[in-house]
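Worksheet: one structure, shown below.
Numbering (the working numbering), first residue to last: 790 to 1313.
As structure tokens, this is what we get:
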């Protein structure tokens, strides 16, 4: 009788299943162990990118419509130590030539780009071609563009796929930012050379002789401010540039006379082609031109107790505000007029529930300081913009006027707010000119006159006297005054003629009259 031990073996498919199960468990365990560090590593890399375009104490994710902006991976609000939003980081990615091309934009609360970073750990574009997108000067093209307004940037020569990917990233990021944060439609980004903005230009009525204008635009590192004085021909007479946040040795050179002097004599608007840009600081140079072209009359000083009025475009039409300031220059009261806004939405900005929250706030007001009307972000933003652009208005009887000088045709006086005023008689038609005297920057006296007829010039003689002496010196506004005289035998002045035709009618031109010149006759 055969006595064999019977061996039982598991079928092969069972053994294979056990092996697969064990492998899956090992992979799951490995993934569980490494998922946390991988996620932390990705977040650290993301925050490093955020810090490069919008440094902040913390970042908080903002929800947006991923179906409408499929190539946008994230929007994060950048916050300071107090939790206030100081800007946003928007990242989008699109397939380039060799792999995905990611772009992260740092934007201020208004949606204006302040910094841009191209590429992430997956960037694989060709060295020397598509990889030129990593050059800082390429990213600088986006600085100053606004998410709601769009703009243009120059494509990379020979890198069509990379350029198109970045174009898609820009349009996606701008659209998502405008939609989710600004409550507006995103502006279109296109290929092209960035020009000085023509959308915001000075009011032609402000470009008058002697006008003082002020304008600002986004530069490379921050806001660039210009102060422009127009000459007697309404051309640029002088220009000062304030660019404190631009790069030392580059953008800050725009503040120096070697750059600003070239604008003197030019007519507004100025074209970029008309001036020599600061080498290596195209963005700052463009910002100066944009600020000049959008400059408006310098705002009057806002005094305690002043009443201000302003307006801005709302959802359905113009939204106007009337602001009363207290003795500390804080908002004492606010009235909003929004007749064209939607009932039950935008029109709620006219109610005290909304306007009372502005009381006690200091200008300018930011959107983060107030609670917008639910589902009426555009109207709420218009109210804030109107407040921040409001200018002083004269309340009836609020300003007294001290008369300094008068003639039959009118008078010149000093308002209690420090501004000089010239008032013409109601029946007078013509020109009145004033002469003002200042002491330590304050107006202390003034006189008023009508232009005197130009001095009658004598017919030139056929030959100048042998002892005729002539000299030319700059007078008012650095314009030439010519003096001609002849001497008597004893060396004293025998005759004196003055050509002051370049000077102010009724004032400086009177130096050519005999009543003035005759007093020199007989003097040494």
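A virtual CB, placed ideally from N, CA and C, is assigned to each residue, including glycine.
Query: In chain order, each beta strand (DSSP E) run of at least 3 residues that lies wholly inside the region 1073-1117; Result: 1096-1102, 1107-1114
Query: Segment contact, 8 Å Cβ cut-off, at least three pairs: the region 1075-1082 with the region 1053-1065; Result: yes
Query: Anticipated Cβ contact below 8 Å, residue 955 with residue 861, distance rounded; Result: No, residue 955 and residue 861 are not in contact; Cβ-Cβ is about 14 Å, not under 8 Å.
Query: Residues bridged to residue 849 [DSSP beta-bridge criterion]; Result: 866
Query: Enclosing beta strand (DSSP E) for residue 956 [first to last residue]; Result: Unbroken run through residue 956 is the alpha helix (DSSP H), 949-966; no beta strand (DSSP E).
Query: Cα-Cα separation between residue 1158 and residue 854, rounded to whole angstroms; Result: 26 Å
Query: Proximity of residue 1109 and residue 1100 at Cβ, strictly below 8 Å; Result: yes
Query: Coarse secondary structure for residue 1037, derived from DSSP in three states; Result: coil
Query: Delimiting residues of the alpha helix (DSSP H) encompassing residue 1167; Result: 1166-1177
Query: DSSP state of residue 803 mapped onto helix, strand, coil; Result: helix
Query: Same chain, Cβ closer than 8 Å to residue 1258, neighbours up to 5 away in sequence not counted; Result: 1273, 1274, 1275, 1276
Query: Under 8 Å between C-beta atoms of residue 1013 and residue 1077; Result: yes
Query: Cβ contact check for the region 913-928 and the region 1042-1057: 3 or more pairs under 8 Å; Result: no
Query: Inter-stretch contact (C-beta, 8 Å, three-pair minimum) for the region 1190-1201 and the region 1165-1180; Result: no
Query: Meets three-Cβ-pair contact criterion under 8 Å: the region 999-1006 and the region 971-979; Result: no
Query: Sub-8 Å separation of residue 1147 and residue 1162 beta-carbons; Result: no
Query: When 1265, 1125, 1016, 1011 are compared against residue 1034, the one with the closest alpha-carbon; Result: 1011
Query: 8 Å Cβ cutoff met for residue 1135 and residue 1103; Result: yes
Query: Coarse secondary structure for residue 977, derived from DSSP in three states; Result: coil
Query: Cβ neighbours of residue 805 in the same chain (closer than 7 Å, five flanking residues each side left out); Result: none
Query: Contact check, residue 1298 vs residue 1289, beta carbons under 8 Å; Result: yes
Query: Which of helix, strand or coil DSSP assigns to residue 1297; Result: helix
Query: Under the three-state DSSP convention, the category residue 982 falls into; Result: coil
Query: Buried/exposed call for residue 876, threshold 16 Cβ in 10 Å; Result: buried
Query: Beta-carbon gap between residue 883 and residue 958 smaller than 8 Å; Result: yes
Query: Coil, strand or helix - residue 940 by DSSP; Result: strand
Query: CA-to-CA distance, residue 1291 to residue 998, given in whole angstroms; Result: 15 Å
Query: Paired residues, beta bridge with residue 889 - DSSP; Result: 884
Query: Cβ-based burial, residue 847 [other Cβ within 10 Å; buried from 16]; Result: exposed
Query: Beta-carbon spacing of residue 1018, residue 1043 below 8 Å; Result: no
Query: Helix, strand or coil at residue 842 [DSSP, three-state]; Result: helix
Query: Element boundaries [alpha helix (DSSP H), containing residue 1058]; Result: Residue 1058 -> no alpha helix (DSSP H), and no H or E assigned at all.
Query: Start-to-end residues for the beta strand (DSSP E) that takes in residue 1220; Result: Element bounds for residue 1220: n/a, residue is neither H nor E.
Query: Distance between residue 1021 and residue 840 (C-alpha atoms, nearest Å); Result: 49 Å
Query: Neighbourhood of residue 1201 by C-beta distance below 6 Å, restricted to the same chain and skipping five residues each side; Result: 1193, 1194, 1211, 1223, 1235, 1237
Query: Straight-line Cα distance separating residue 857 from residue 1362; Result: Here the chain covers residues 790 to 1313 and nothing more, so residue 1362 does not appear.
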